[in-house]
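Chains as they are written, first to last, in the numbering used here: chain A, 1 to 227; chain H, 1 to 238; chain F, 1 to 243.
Step one of this worksheet: look at the structure below.
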Amino acid sequence: MAPSTLGAALLIARKDLAIEFRTRTAFFSAVTFALLGIVIFFFAWDPTAVSAMDLAPGVLWGIFTFAGLLGLQRSFGVEQADRAIDTLLGAPIPRESIYLGKAIANFVFVAAVQVLAIPAVALFYNVPLLEHAVALATIAVLAAIGLVAVGTLFSAMAVNTHLAEMLLPVLSLPFFVPIVIPAAQGTARLLAGRPAGEIIGWLKLLVAFDIVFVAACMLAFPFTIEE
Amino acid sequence: MTTPSNAMTAEKAAPVARTSVDWLFVVAVLAIAGALVRAIYYTPFEALQGPAQKIFYLHLPAALAAFFAFFIVALSSIGYLWLKDPRLDRAAESSAEVGVVFTTVVLTTGPIWAKPIWGTYWTWDMRLTLTLFLWFIYVGYLVLRGAIDDRSMRARYSAVLGILGALLIPFIHLSVYLFRTMHPKPIVIKPSAPSLPPEMLTTLLISFVAFMLFYLALVRQRYRLANERDLLEQEEGR
Amino acid sequence: MTATPSASERVITTHGLGRRFGGRRAVSDVTLSLGAGDCLALFGPNGAGKTTLLRMLAGLLRPTEGSGEVAGVVLPGGATLRGAIGYISHASMLYGALSARENVELTAKLFGMRNAREAAKHALERMELPDRSDTPVRLLSRGMQQRVTIARATVHSPRVVLLDEPFTGLDDSGSAALGAHLATLRASGTTMVLVTHQIPEGLALATHAAIMRDGALARMEEGEAWDASSYLTVYRGLVTHGA
Chain A
1 MAPSTLGAAL
11 LIARKDLAIE
21 FRTRTAFFSA
31 VTFALLGIVI
41 FFFAWDPTAV
51 SAMDLAPGVL
61 WGIFTFAGLL
71 GLQRSFGVEQ
81 ADRAIDTLLG
91 APIPRESIYL
101 GKAIANFVFV
111 AAVQVLAIPA
121 VALFYNVPLL
131 EHAVALATIA
141 VLAAIGLVAV
151 GTLFSAMAVN
161 THLAEMLLPV
171 LSLPFFVPIV
181 IPAAQGTARL
191 LAGRPAGEII
201 GWLKLLVAFD
211 IVFVAACMLA
221 FPFTIEE
Chain H
1 MTTPSNAMTA
11 EKAAPVARTS
21 VDWLFVVAVL
31 AIAGALVRAI
41 YYTPFEALQG
51 PAQKIFYLHL
61 PAALAAFFAF
71 FIVALSSIGY
81 LWLKDPRLDR
91 AAESSAEVGV
101 VFTTVVLTTG
111 PIWAKPIWGT
121 YWTWDMRLTL
131 TLFLWFIYVG
141 YLVLRGAIDD
151 RSMRARYSAV
161 LGILGALLIP
171 FIHLSVYLFR
181 TMHPKPIVIK
191 PSAPSLPPEM
201 LTTLLISFVA
211 FMLFYLALVR
221 QRYRLANERD
231 LLEQEEGR
Chain F
1 MTATPSASER
11 VITTHGLGRR
21 FGGRRAVSDV
31 TLSLGAGDCL
41 ALFGPNGAGK
51 TTLLRMLAGL
61 LRPTEGSGEV
71 AGVVLPGGAT
81 LRGAIGYISH
91 ASMLYGALSA
101 RENVELTAKL
111 FGMRNAREAA
121 KHALERMELP
131 DRSDTPVRLL
141 SRGMQQRVTI
151 ARATVHSPRV
161 VLLDEPFTGL
171 DDSGSAALGA
181 HLATLRASGT
191 TMVLVTHQIP
201 EGLALATHAA
211 IMRDGALARM
221 EEGEAWDASS
231 YLTVYRGLVT
241 HGA
């Protein structure tokens with residue numbers, strides 16, 4: 001009678017996205033942040049020293065992590081006001097579904113930001129990113145999964161501490177590095193027209209990261225909310 | 001009266017007279033001093049690298065101790081989540097604080113050694129990069145601990161981070177490895193050549209033992225401190 | 001696992017229930033027994049452990065001492081226990097950006113109700129909430145938010161309702177309305193534990209009254225027609241009696 005893990009997760013994800021859609025502040029902040037970052041790096045760049053194809057992947061995926069953090073901050077923040085989290089904790093749903101639901105909502109958020117950021121980078125840096133749309137989308141999806149897997153868990157932890165906003169980046173960024181390196185390197189290879197084999201290697205690393213950390217974070221989540 | 005579970009109680013330590021000497025600590029410090037003396041005066045110079053190479057006898061054992069310390073943090077973290085024994089949390093906390101010190105030593109001796117030999121302060125070689133990320137994880141771990149007052153929550157959250165941090169290290173290793181095979185760097189001098197002459201190997205081993213002793217002594221001191229602090233909090237009714 | 005039916009079918013029973021945080025005993029040695037339609041009014045100063053006790057009964061907090069059984073499930077229980085409980089705290093536990101209907105419907109769905117939309121509608125009607133379908137809950141008055149909170153907590157017709165200072169921030173008419181709603185709940189056979197500072201309002205609903213101090217039950221009694229002023233004297237005497 002009580003909903004399954006996935007059923008409850010989807011309910012929670014839909015709820016989170018409905019709330020975000022009503023207010024939209026976090027989304028606009030993240031998008032603006034991403035676009036500003038892309039522009040700032042453009043003006044800090046000496047085109048005679050570094051080519052656009054060398055610079056663009058780093059900018060794209062570096063900004064991705066920081067904009068992602070903005071979305072992750074708000075993930076459990078919305079539960080703090082009025083102790084709404086007790087509604088979820090008091091429901092006869094598996095604890096993992098709370099993590100899964102929030103991770104799904106965060107994934108949609110991050111993906112939505114990337115949908116705007118990738119064309120922006122292609123436009124401002126004049127790099128043919130969109131020619132490799134399918135491959136790039138694969139990288140983006142895999143990177144986003146890793147980011148939200150770790151970020152959702154740390155968001156749940158950080159929100160219970162004194163230093164919430166400071167703590168989330170300090171905890172998460174080291175974990176984002178094995179996501180950014182494959183994503184950026186893979187994108188750079190794509191732009192340079194390298195053979196698929198080189199890119200597949202980086203993708204495999206991303207897949208491995210995703211599997212390990214989705215599993216580990218889902219297992220760890222109940223420990224962060226038990227009393 | 002039943003013993004409460006999940007009580008985070010501190011053990012009443014065997015009474016230690018305040019003026020008594022921590023012999024393990026003394027021995028460890030002497031061992032390090034001895035290793036240093038041996039390294040400086042009684043070990044031959046390495047042919048290609050010269051005197052600067054001798055930092056290696058400090059650098060490598062410190063690195064090994066730093067990683068061992070994190071191994072203990074990870075192990076204690078798993079143990080804590082499984083058994084909920086507060087002693088395991090204190091062990092993790094102590095090992096992390098000592099570990100971050102050793103890691104900082106590695107990250108400072110590394111550049112000091114690198115400059116005269118490779119002409120640059122920082123190289124992204126595997127060991128140094130891994131140590132850098134170890135440092136990041138340690139700092140995150142200690143900042144997290146500092147941000148939580150509730151003892152049980154602090155222990156649980158730290159344990160989760162300790163385990164995830166241990167999972168991260170292999171991925172950093174893989175990423176850097178793949179990165180380096182794609183971007184080959186000129187091969188300079190291999191710092192830890194497998195064929196070390198016997199005197200150098202001995203010095204290295206002595207130094208390694210000295211650092212491990214030092215690690216144990218420091219962790220034990222730090223553990224006692226954590227225990228006393230927890231006891232005090234308990235008595236104050238916090 | 002079904003509970004062995006005793007003569008009066010106890011809904012909440014505890015034996016020496018307690019909880020420690022670090023070295024501090026927040027709740028110690030609480031023993032009580034409540035049946036269907038019983039309402040325990042729990043009084044006590046701040047920090048006495050009332051919220052901690054309530055959260056243990058709700059299955060949200062794990063006891064460290066003693067034992068308890070709520071709605072046939074041994075504490076701390078799990079999803080089964082949570083499904084039988086309606087928990088109301090002094091925080092509204094509502095999502096401010098969502099409407100009343102959305103909040104209640106979400107809870108209904110989380111509790112696995114098939115006809116969630118209908119159930120939410122009925123729950124809101126029972127609370128006499130005007131149909132402000134799309135208004136975000138944060139724009140409603142405190143009194144109305146409280147009614148939404150009760151609708152949310154009772155939409156799945158729980159056997160046990162646990163309330164933590166629900167009268168906080170309500171004016172006289174709001175208090176009266178809340179009292180009436182809780183009386184109806186009690187009359188329908190729901191077992192309630194009501195933590196409150198408002199002694200008259202609490203006693204009006206109570207079949208049992210208890211005073212908690214320093215984590216323990218200093219006094220517990222059954223009754224029907226309470227004398228609020230004499231109880232208040234007893235309460236003051238117990239609570240200001242020093243350590």
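Built from N, CA and C at the ideal position, the CB exists for glycine as well.
Keep in mind it's a predicted model, so treat the numbers as computed, not measured.
Out of the options, which has the shortest C-alpha to C-alpha gap to residue i?
{"i": "residue 180 of chain H", "options": "H:125, H:87 and H:200", "result": "H:125"}
{"i": "residue 32 of chain F", "options": "F:222, F:186, F:234 and F:239", "result": "F:222"}
{"i": "residue 78 of chain F", "options": "A:93, A:158 and A:212", "result": "A:93"}
{"i": "residue 17 of chain F", "options": "F:35, F:67, F:51 and F:52", "result": "F:67"}
{"i": "residue 214 of chain H", "options": "H:61, H:56 and H:55", "result": "H:61"}
{"i": "residue 116 of chain F", "options": "F:189, F:94, F:91 and F:152", "result": "F:152"}
{"i": "residue 141 of chain A", "options": "A:115, A:129 and A:166", "result": "A:115"}
{"i": "residue 7 of chain A", "options": "F:113, F:51 and F:27", "result": "F:113"}
{"i": "residue 172 of chain H", "options": "H:153, H:100, H:111 and H:132", "result": "H:132"}
{"i": "residue 226 of chain F", "options": "F:214, F:210 and F:240", "result": "F:210"}
{"i": "residue 90 of chain A", "options": "F:120, F:34, F:154 and F:196", "result": "F:154"}
{"i": "residue 50 of chain F", "options": "F:71, F:72 and F:19", "result": "F:19"}
{"i": "residue 152 of chain H", "options": "H:65, H:72, H:21 and H:230", "result": "H:230"}
{"i": "residue 169 of chain H", "options": "H:232, H:53 and H:71", "result": "H:71"}
{"i": "residue 93 of chain H", "options": "H:29, H:223, H:44 and H:24", "result": "H:223"}
{"i": "residue 193 of chain F", "options": "F:15, F:26 and F:89", "result": "F:89"}
{"i": "residue 34 of chain H", "options": "H:149, H:211 and H:145", "result": "H:211"}
{"i": "residue 88 of chain A", "options": "F:162, F:110 and F:142", "result": "F:110"}
Could you spell out where the alpha helix (DSSP H) holding residue i opens and where it closes?
{"i": "residue 41 of chain A", "result": "25–43"}
{"i": "residue 167 of chain F", "result": "Taken as a continuous stretch (DSSP letters only), residue 167 of chain F belongs to no alpha helix (DSSP H), as it is neither H nor E."}
{"i": "residue 208 of chain H", "result": "198–235"}
{"i": "residue 157 of chain A", "result": "133–158"}
{"i": "residue 66 of chain F", "result": "Taken as a continuous stretch (DSSP letters only), residue 66 of chain F belongs to no alpha helix (DSSP H), being part of the beta strand (DSSP E) at 65–70."}
{"i": "residue 210 of chain A", "result": "196–225"}
{"i": "residue 109 of chain H", "result": "86–118"}
{"i": "residue 50 of chain F", "result": "50–57"}
Using a cut-off of 7 Å between C-beta atoms, extract the partners of residue i located in chain C.
{"i": "residue 162 of chain A", "result": "In the structure shown, chain C does not exist; the protein chains are A, H and F."}
On the DSSP bridge list, what partners appear for residue i?
{"i": "residue 158 of chain H", "result": "Partner(s): none; residue 158 of chain H has no beta bridge."}
{"i": "residue 85 of chain F", "result": "F:160"}
{"i": "residue 136 of chain F", "result": "F:99"}
{"i": "residue 222 of chain F", "result": "F:208"}
{"i": "residue 73 of chain F", "result": "F:70"}
{"i": "residue 35 of chain F", "result": "F:10"}
{"i": "residue 192 of chain F", "result": "F:39 and F:161"}
{"i": "residue 217 of chain F", "result": "F:212"}
{"i": "residue 117 of chain F", "result": "Note: residue 117 of chain F sits in no beta bridge, so no partner."}
{"i": "residue 27 of chain F", "result": "F:19"}
Between which two residues does the beta strand (DSSP E) holding residue i run?
{"i": "residue 40 of chain F", "result": "39–43"}
{"i": "residue 128 of chain H", "result": "No beta strand (DSSP E) contains residue 128 of chain H, which is instead part of the alpha helix (DSSP H) from 126–146."}
{"i": "residue 11 of chain F", "result": "10–21"}
{"i": "residue 91 of chain A", "result": "Per DSSP, residue 91 of chain A belongs to no beta strand (DSSP E) and is neither H nor E."}
With a cut-off of 8 Å on the beta carbons, I'd call residue i and residue j a contact; round off their distance for me.
{"i": "residue 96 of chain H", "j": "residue 142 of chain H", "result": "6 Å"}
{"i": "residue 151 of chain A", "j": "residue 210 of chain A", "result": "No, residue 151 of chain A and residue 210 of chain A are not in contact; Cβ-Cβ is about 13 Å, not under 8 Å."}
{"i": "residue 133 of chain A", "j": "residue 221 of chain A", "result": "Not quite, the Cβ-Cβ distance comes to about 34 Å (not below 8 Å), so this is no contact."}
{"i": "residue 203 of chain F", "j": "residue 36 of chain F", "result": "About 20 Å separates the two Cβ atoms, so there is no contact after all."}
{"i": "residue 144 of chain A", "j": "residue 107 of chain A", "result": "6 Å"}
{"i": "residue 58 of chain H", "j": "residue 109 of chain H", "result": "5 Å"}
{"i": "residue 203 of chain H", "j": "residue 43 of chain H", "result": "5 Å"}
Any C-beta of chain A within less than 8 Å: which residues of the region 64–75 of chain H qualify?
Using a CB distance below 8 Å, no part of the region 64–75 of chain H faces chain A.
Selection of the region 13–28 of chain A by Cβ proximity to chain F, strictly under 8 Å:
Taken in chain order, the members of the region 13–28 of chain A whose beta-carbon sits within less than 8 Å of a beta-carbon on chain F are 15, 18, 19, 22 and 23.
Along the region 176–210 of chain F, what residues have a CB closer than 7 Å to any CB found in chain A?
Result list empty, no residue passes.
Taking a Cβ distance cut-off of 7 Å, strictly less, list which residues of the region 193–212 of chain A are near chain F, in chain order.
So the list is empty, because no residue satisfies the distance condition.
The region 117–145 of chain A: positions lying closer than 8 Å to chain H by Cβ:
Those residues of the region 117–145 of chain A that come within reach of chain H (Cβ to Cβ, closer than 8 Å) do not exist; the list is empty.
In chain order, what residues of the region 58–83 of chain A put their CB closer than 8 Å to some CB of chain F?
Contact annotation: in the region 58–83 of chain A, residues whose CB is within less than 8 Å of a CB in chain F are 78, 81, 82 and 83.
Please list, in chain order, the residues of the region 134–145 of chain H that have any C-beta partner in chain A closer than 8 Å.
Contact residues of the region 134–145 of chain H toward chain A are 136, 137, 139, 140, 143 and 144 (C-beta to C-beta distance below 8 Å).
Between the region 91–114 of chain A and chain F, which residues of the former have a C-beta closer than 8 Å to a C-beta of the latter?
Answer in chain order: 91, 92, 93 and 94.
Could you run through the region 218–229 of chain H and flag, in chain order, every residue whose CB is less than 7 Å away from some CB of chain A?
Listed in sequence order: no entries.
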